[in-house]
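S.K.:
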Ligand code: HEC
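In our numbering, the protein residues as written are 49 to 231.
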């Protein structure tokens with residue numbers, strides 16, 4: 049019985065080693081043959097805000113919503129590289145803080161309201177990102193700081209309620225943003 053176990057041991061270890069090597073080879077070859085685009089283009093019109101607000105956005109949002117992405121080492125390895133690159137590309141397309149002032153005021157206002165919804169509901173940063181990046185989850189204090197900043201920004205943009213569509217109006221009410229309407 050003991051002899052049999054000893055006989056089994058070596059082939060088992062060998063097969064584990066072989067499958068690990070094969071997996072690594074597949075990862076390396078896939079990463080080389082299908083590399084993900086990991087670029088940080090120049091920031092043309094970056095957002096300016098207080099250090100507090102910038103600090104929060106930088107830590108929790110900038111990896112996917114700016115041209116200042118911190119690309120971790122594993123983002124060079126397939127298939128993680130494809131996932132990360134896809135998130136960054138879609139994230140930047142939806143909202144790019146490095147292009148903030150190149151958005152028309154109308155667009156900025158809409159994006160501000162979306163940010164309010166994402167932060168208010170806690171849907172951003174995405175769950176998986178929060179798991180990997182401990183400390184990216186916004187605390188209550190950080191959330192209210194962001195909401196206060198949003199409110200100020202909405203006030204700077206002309207935010208008379210008759211100019212908001214009904215979805216935006218209900219969002220303003222739900223998030224308790226209440227910009228000083230029309231003043
Ligand atoms: C891991 C990447 C990642 C991080 C970090 C991240 N986002 Fe996103 N975000 C995305 C992606 C991808 C989309 C587009 C697809 C979607 O809506 O889920 C998106 C969409 C959005 C949208 C527009 C669509 C919507 O749902 O309203 C807003 C606003 C937004 N994110 C805000 C934020 C804010 C604010 C933070 C930081 C607190 C943040 N995101 C952090 C990846 C990210």
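Note that CB positions come from ideal geometry on N, CA and C, so glycine has one too.
1) Return the Cβ separation of residue 97 and residue 197 in integer angstroms, given the expectation that the two are a contact with Cβ distance under 8 Å.
2) For residue 141, report the span of its alpha helix (DSSP H) as first-last.
3) Exposed or buried, residue 150, counting other C-beta atoms within 10 Å across all chains shown (16 or more means buried)?
4) Within the present structure, is the beta-carbon of residue 139 separated from the nearest heavy atom of the ligand HEC by less than 7 Å?
5) Return helix, strand or coil for residue 223, following the three-state DSSP convention.
6) Which residue marks the beginning of the alpha helix (DSSP H) containing residue 125, and which one marks its end?
7) How about residue 189: is its Cβ closer than 7 Å to a heavy atom in the ligand HEC?
8) Less than 8 Å separating the beta-carbons of residue 164 and residue 223?
9) Is residue 133 near the ligand HEC, in the sense that its beta carbon is under 7 Å from a heavy atom of that ligand?
10) DSSP three-state call for residue 172: helix, strand or coil?
11) Would you decide whether residue 113 is buried or exposed? Buried here means 16 or more other CB atoms lie within 10 Å of its CB.
12) Between 177, 201 and 191, which lies nearest to residue 154 when the distance is taken from Cα to Cα?
13) By the DSSP assignment, the alpha helix (DSSP H) with residue 196 in it spans what residues?
M.R.: The short version:
1) 6 Å
2) 128-142
3) exposed
4) yes
5) coil
6) From DSSP, residue 125 is part of no alpha helix (DSSP H); its letter is neither H nor E.
7) no
8) yes
9) no
10) coil
11) buried
12) 201
13) 188-204
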